[in-house]
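> The structure is given below, and queries will be raised subsequently.
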Amino acid sequence: MAETMEGLVVRSTAGFVDVRLDGDIVQARLRGRLKNRPRTTDLCVIGDHVRLSRPDDRSVVVEEVLPRHS
């Protein structure tokens, strides 16, 4: 698996999120297994901390939404 990074979601639209990562904003797509699992809350919202991977030079993928604290 590619190296993972943590970032903060600043925008969420239609399967993609904009994430603040090391002072930059990157667009990431949600990993399929995240979108397909049963859930009781919104999957990924503004303010969520997420774990990301970069499987290749052009894409960034949300691997995990970290636990919310509020």
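Count along the sequence shown from 1, then add 166; that gives the number in the working numbering.
By construction, the Cβ of each residue, glycine as well, lies at the ideal position given by its N, Cα and C atoms.
On a CA-only basis, which of V227, G213 and I212 is nearest S219? Give me that one, please.
Comparing Cα positions, the closest option is V227.
> Just to confirm, is the Cβ distance from D247 to V231 under 7 Å?
This structure leaves residue 247 out entirely; the chain is present only between 167 and 236.
> Could you give the distance in angstroms between the alpha-carbon of D188 and the alpha-carbon of G173?
Approximately 8 Å between the Cα atoms of the pair.
> Less than 8 Å between the CB atoms is what I'm expecting for T170 and R217, so what's the real figure, rounded?
Indeed they touch by this definition, with Cβ atoms about 5 Å apart.
> For L196, which of D190, R186 and S178 has the nearest alpha-carbon?
Checked all of D190, R186 and S178; the closest Cα to L196 is S178.
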